[in-house]
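A.B. asks: Numbering (my numbering), first residue to last: 8 to 165. Ideal placement from N, C-alpha and C gives every residue a C-beta, glycine not left out. Dropping a structure here in structure tokens format, bear with me for questions.
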Ligand SMILES: [Zn+2]
């Protein structure tokens, strides 16, 4: 059974794959969803193999991005930061009653200071000692850009 949080995450990943072209090669409908347990990436472009992570935030799209977003497991993220490998981030903001607002933070605009480890989970947690991280949006080198959905751009061109 998937939790509400996982269902929201699935929705955000599907939404980005369905409505946006690859941020590197611009191919349309080229994002495939990676298996649920993949660490550090949710989407992969089948054309150029670019990876992306999707964070879905339950909040009215009209309110924009929050200052901080909950990330996932810290250890794989820490290894990536140490290697200087940043994975493209999409932020999907929706309260599920509105059309989501989608923001992108490209790897070149990310910094190590964006990713802050949280306190390890307590002994009472299901996975004691597990460490997550927060994404501090304000520490990005450039603020995430609001994207326009592909089909809307097509409509406007007509
Ligand atoms: Zn691509």
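1. Starting from residue 39, follow its DSSP beta bridges and name the residues at the other end.
2. Should residue 110 and residue 72 be called a contact, given that it needs their Cβ atoms to be closer than 7 Å?
3. Using a Cβ-based criterion (distance less than 6 Å to any ligand heavy atom), does residue 43 qualify as near ligand 1?
4. Hey, quick one: how far does the beta strand (DSSP E) through residue 101 stretch, first residue to last?
5. Quick one, which of 55, 122, 48, 49 has its alpha-carbon nearest residue 146's?
6. Determine contact between the segment 76–83 and the segment 25–44, defined as no fewer than three beta-carbon pairs at a distance below 8 Å.
7. For the alpha helix (DSSP H) that contains residue 11, what are its first and last residues?
8. In three-state terms, what does DSSP make of residue 88?
9. From the DSSP output, in three-state form, read off residue 163 for me.
10. Alpha carbon to alpha carbon, how far is residue 61 from residue 18?
11. Alpha carbon to alpha carbon, what distance is there between residue 22 and residue 129?
12. What residues match up with residue 59 in a beta bridge as DSSP calls it?
13. Pick out whichever of 154, 102, 119 has its Cα sitting closest to the Cα of residue 14.
14. Give me, in chain order, the residues of the same chain whose beta-carbon lies closer than 8 Å to that of residue 88; leave out the 5 immediate sequence neighbours on both sides.
15. In three-state terms, what does DSSP make of residue 154?
16. List the whole-angstrom C-beta distance separating residue 99 from residue 57, where the pair is believed to meet the contact cut-off of C-beta under 8 Å.
C.D. replies: Quick answer:
1. The partner list for residue 39 (beta bridge, DSSP) reads 51.
2. Yes, they are a contact pair.
3. In terms of side-chain proximity, the C-beta atom of residue 43 is found no nearer than 6 Å to any non-hydrogen atom of ligand 1.
4. Per DSSP, residue 101 is one residue of the beta strand (DSSP E) stretching across 95–101.
5. Its Cα nearest to that of residue 146, the residue 122 stands out among 55, 122, 48, 49.
6. By the C-beta criterion, the segment 76–83 is judged not to be in contact with the segment 25–44, since fewer than 3 inter-stretch pairs fall below 8 Å.
7. Counting along the chain, residue 11 sits inside the alpha helix (DSSP H) bounded by residues 11–26.
8. Three-state DSSP puts residue 88 in a helix.
9. At residue 163 the pLDDT is 46, less than 50, meaning the model places this residue with poor confidence and gives no usable figure here.
10. Computed Cα separation, rounded: 10 Å.
11. Going by C-alpha positions, residue 129 is about 34 Å away from residue 22.
12. The partner list for residue 59 (beta bridge, DSSP) reads 50, 95.
13. Relative to the Cα of residue 14, the nearest Cα in the group 154, 102, 119 belongs to 102.
14. If we look at residue 88 and ignore the five residues flanking it on each side, its Cβ neighbours are 119, 122.
15. Reduced to three states, the DSSP call for residue 154 is coil.
16. Rounded, the Cβ-Cβ distance is 18 Å, inconsistent with contact.
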